[in-house]
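Working notes, structure below.
Chains as they are written, first to last, in my numbering: chain A, 687 to 797; chain B, 900 to 1014.
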């Protein structure tokens, strides 16, 4: 499984944008980039995924570098409810469907 | 629409005992996976069940076993409990055929403490 690297922690202020980085320098052409987050005392929840192009949904945006060796999850206006551990995960087309979690980035949102 | 439900939410066992954890998948989902999450770590894949068979397995000993029923619900059994088995056990459901672009839905987990 290709490896991802994320900062251990980040801090943000409420109502400000947050950019969560992820490095995946050994990514292969068929690896999808997925983001999940885990709020306190809950199971992980899906946030967004992409392959090559930038993606937007109601929760967040995903910006993928042109060489695909890094990506950034963007929360446009952080709320207190966005405080969670964010996991960047690679999933290979035709490969195992399991999710391989690292330690993720713990996001703290200050009021 | 009920999401993934797990039971029990918390339980305490002693070393050497056996435990059974239960999971009901999200309505319409037919595939169930189990993950173990130690404190401060990301979840680790245990195994996946589809059509009542174990389809994939992570790096866990045979003390960890499972079952899937015809209604797609699932059980995780752990025998001969060790202190290191203390963790949050998460169940995730998905729909077969969605592959690696499909979304997994997780339950809130069962917190197991082994004394």
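Note that the Cβ used here is the ideal one computed from N, Cα and C, for glycine as well.
Using a Cβ distance threshold of 7 Å, residue 1013 (chain B) and residue 992 (chain B) do not count as a contacting pair.
The beta-carbon of residue 732 (chain A) is placed less than 7 Å from the nearest beta-carbon of chain B. Closest by C-alpha distance to residue 931 (chain B), out of B:941, B:955 and B:963, is B:955. Counting only runs of 3 or more residues that sit fully inside the region 746 to 775 of chain A, the beta strand (DSSP E) segments are 747 to 750 and 756 to 761, in chain order. Between the alpha carbons of residue 787 (chain A) and residue 941 (chain B) lies a gap of roughly 5 Å.
The straight-line gap separating the alpha-carbon atoms of residue 767 (chain A) and residue 728 (chain A) is approximately 12 Å.
Contacts with chain A at 7 Å (Cβ-Cβ) do not include residue 907 (chain B). At a cut-off of 7 Å between C-beta atoms, residue 950 (chain B) does not count as an interface residue with respect to chain A.
Taking a 10 Å sphere around the C-beta of residue 717 (chain A), we find 16 or more other C-beta atoms and assign the residue as buried. Judged by DSSP secondary structure, residue 724 (chain A) falls within the beta strand (DSSP E) whose first and last residues are 717 to 724.
In chain order, 791, 792, 793 and 794 place their CB closer than 8 Å to the CB of residue 695 (chain A), counting only its own chain and leaving out the 5 sequence neighbours on each side. By the Cβ rule, the region 696 to 704 of chain A counts as touching the region 760 to 780 of chain A, because three or more pairs are nearer than 8 Å. The beta carbon of residue 955 (chain B) sits closer than 7 Å to some beta carbon of chain A.
Excluding sequence positions up to five before and after residue 916 (chain B), its CB lies within less than 6 Å of the CB of 980, all in the same chain and listed in chain order.
Considering only A:777, A:785 and A:725, the residue with the shortest C-alpha distance to residue 714 (chain A) is A:777. If you ignore the 5 residues before and after residue 756 (chain A), its C-beta comes within less than 6 Å of the C-beta of 709, all in its own chain and listed in chain order. Counting only residues of its own chain and dropping the five nearest sequence neighbours on each side, residue 995 (chain B) has a CB closer than 7 Å to the CB of 929, 930 and 949. With its beta carbon less than 7 Å from one in chain B, residue 790 (chain A) belongs to the interface. Close to residue 989 (chain B), with beta-carbon spacing below 7 Å, are these residues of chain A in chain order: 729.
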